[in-house]
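Visitor:
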Amino acid sequence: MVDPQILRSLKDENISLKHENEDLKDQNSRLWKVIQSLNELQSNPQAITSPSDLLEMVMNILTIALDAAESEDGSILLLDEENDELVFVAVVGDRSEELTDYRIPAGSGVAGWVNLHKKAALVADVRKDDRWISAVDQSIGFHTQSLMAVPLILEDRVLGVMEVVNSRSEDLFNDKDLELLQLVARLASYVFGSTEDDPESNQNQLTGSNIE
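According to this note's numbering, the stretch in the sequence shown is residues 234 to 445, in order.
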């Protein structure tokens, strides 16, 4: 007769493998959606004739990122090199109107750290992270619990930061979510740089910078 303890152990292992398989299927599904969306965006480049056209493209990229991360709140901050600030040029979610065009110092908070170090950040609880600053939340009446932030880099030049906050699922953001967001950021940077105008010109249009 098989030891009941061994049976329980095998049952638990089977359940664990089943959950891992389900997670893998979910990640693959999200990855496929990201690739399809970005490929469509790249295959059908918009005619960028005005800042509003450019902003629509950036908003489309942000929507793809939020879908990939299973979040409803996120933003794209572009670097205003003239004023050394990060500007919230595209915002989706609660308090989006209040946050759009909001400016923070280029090295401030988690986004500023990502901008300066050209590295991604995954923060499970912002209040336990020394890089976090609460001034933005306080000024717009928002509550950030967790976040992921990744740099937008084109040819070793930082264009800005893509930030996603507060997962809509019960689980916290994890390393796989961050890897997926980094993929979106890399492809988004390429799309951003493939318009008729050069990336710096696009960047200046959206941030209001007057750098020549």
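Note that the Cβ used here is the ideal one computed from N, Cα and C, for glycine as well.
#1: Identify whether Arg336 lies in helix, strand or coil by the three-state DSSP scheme.
#2: I'd like to confirm the pairing. Which residues does DSSP put opposite Met395 in its beta bridges?
#3: How many Å lie between Val391 and Ser308 at the Cα?
#4: Under the rule that 16 or more other beta-carbon atoms within 10 Å means buried, what is Gly374, buried or exposed?
#5: Give a yes or no on contact between the stretch 411 to 422 and the stretch 284 to 302, applying the rule of three or more CB pairs nearer than 8 Å.
#6: What span of residues does the alpha helix (DSSP H) with Leu319 cover, start to end?
#7: Can you tell me whether DSSP reads Arg390 as helix, strand or coil?
#8: Please go through the same chain and pick out, in chain order, the residues whose beta-carbon is closer than 7 Å to the beta-carbon of Glu305, but skip the five residues on each side of it.
#9: Residues in its own chain within less than 7 Å of Glu460 by CB, not counting five upstream and five downstream?
#10: By Cβ distance, which residues of its chain are closer than 7 Å to Val324, with the 5 residues on each side in sequence left out?
#11: Around the C-beta of Ala301, are 16 or more other C-beta atoms found within 10 angstroms, so that it is buried, or is it exposed?
#12: Which of helix, strand or coil does DSSP assign to Leu405?
#13: Under three-state DSSP, which class holds Ser367?
#14: Taking Val356 as part of the beta strand (DSSP E), name the residues at either end of that continuous run.
#15: Can you check which of these residues, Ala357, Pro384 and Ser434, is closest to Glu403 by C-alpha distance?
#16: If we ignore side chains and look at the alpha-carbon of each, how far apart do Glu396 and Ser434 end up?
#17: Run the CB neighbour count on Phe425, radius 10 Å, all protein chains shown included, and call it buried at 16 or more, exposed below.
#18: Count the other CB atoms, across all protein chains shown, that sit within 10 Å of the CB of Gln371; report buried if there are 16 or more and exposed otherwise.
#19: Pull up the CB-CB distance for Val347 and Thr377, whole angstroms please, since I reckon it's below 8 Å.
#20: What are the residues that DSSP puts in a beta bridge with Ser400?
#21: In the DSSP assignment, find the alpha helix (DSSP H) that holds His350 and state where it starts and stops.
Guide: Taking the definition as stated:
#1: As a working mapping, residue 336 is identified with position 103 in the sequence shown. Arg336: strand per DSSP, three-state reduction.
#2: The residue you call residue 395 lines up with position 162 of the sequence shown. Ile309 and Val383, per the DSSP bridge assignment.
#3: Reading the sequence shown from its first residue, position 158 is the one you call residue 391. Reading the sequence shown from its first residue, position 75 is the one you call residue 308. The straight-line gap from Cα to Cα measures roughly 16 Å.
#4: On the sequence shown, residue 374 is found 141 positions in, with the first residue counted as 1. Per the 10 Å Cβ criterion, exposed.
#5: yes
#6: Here residue 319 refers to the residue found at position 86 when the sequence shown is read from its first residue. That residue, Leu319, is in no alpha helix (DSSP H); its beta strand (DSSP E) goes Glu318 to Val325.
#7: On the sequence shown, position 157 is the one that residue 390 refers to. Three-state result, Arg390: strand.
#8: Numbered from its first residue, the sequence shown carries residue 305 at position 72. The answer, listed in chain order, is Leu299, Gly326 and Arg401.
#9: The first residue shown for the chain is 234 and the last is 445, placing residue 460 beyond what the model contains.
#10: Translated into positions along the sequence shown, residue 324 becomes position 91. Correct list, in chain order: Ser308, Leu332 and Thr333.
#11: Position 68 of the sequence shown, counting from 1, holds the residue named residue 301. When all chains shown are included, Ala301 counts as buried.
#12: Against the sequence shown, residue 405 aligns to sequence position 172. In this structure, Leu405 counts as coil in the three-state DSSP scheme.
#13: Stepping through the sequence shown from its first residue, residue 367 is reached at position 134. In the three-state scheme derived from DSSP, where H, G and I count as helix and E and B as strand, Ser367 is classed as coil.
#14: What you label residue 356 is simply residue 123 of the sequence shown in a count that begins at 1. DSSP places Val356 in the uninterrupted beta strand (DSSP E) bounded by Ala354 to Val356.
#15: Here residue 403 is taken as the residue at index 170 of the sequence shown, counted from 1. Checking every option, the nearest Cα to that of Glu403 belongs to Ala357.
#16: Stepping through the sequence shown from its first residue, residue 396 is reached at position 163. Stepping through the sequence shown from its first residue, residue 434 is reached at position 201. Going by the C-alpha atoms only, they are around 22 Å apart.
#17: For the purposes of this step, residue 425 is taken as the residue at position 192 of the sequence shown. Answer is buried; the Cβ neighbour count reaches 16.
#18: The residue labelled residue 371 in the question sits at position 138 within the sequence shown. With fewer than 16 other Cβ atoms within 10 Å, it is exposed.
#19: Residue numbering aside, residue 347 sits at position 114 when the sequence shown is read from its first letter. Residue numbering aside, residue 377 sits at position 144 when the sequence shown is read from its first letter. With a Cβ gap of about 15 Å, Val347 and Thr377 do not count as contacting.
#20: Walking along the sequence shown from the start, residue 400 turns up at place 167. BP columns for Ser400 point to Ser304.
#21: As a position in the sequence shown, residue 350 is number 117, starting the count at 1. Taken as a continuous stretch (DSSP letters only), the alpha helix (DSSP H) holding His350 covers Gly342 to His350.
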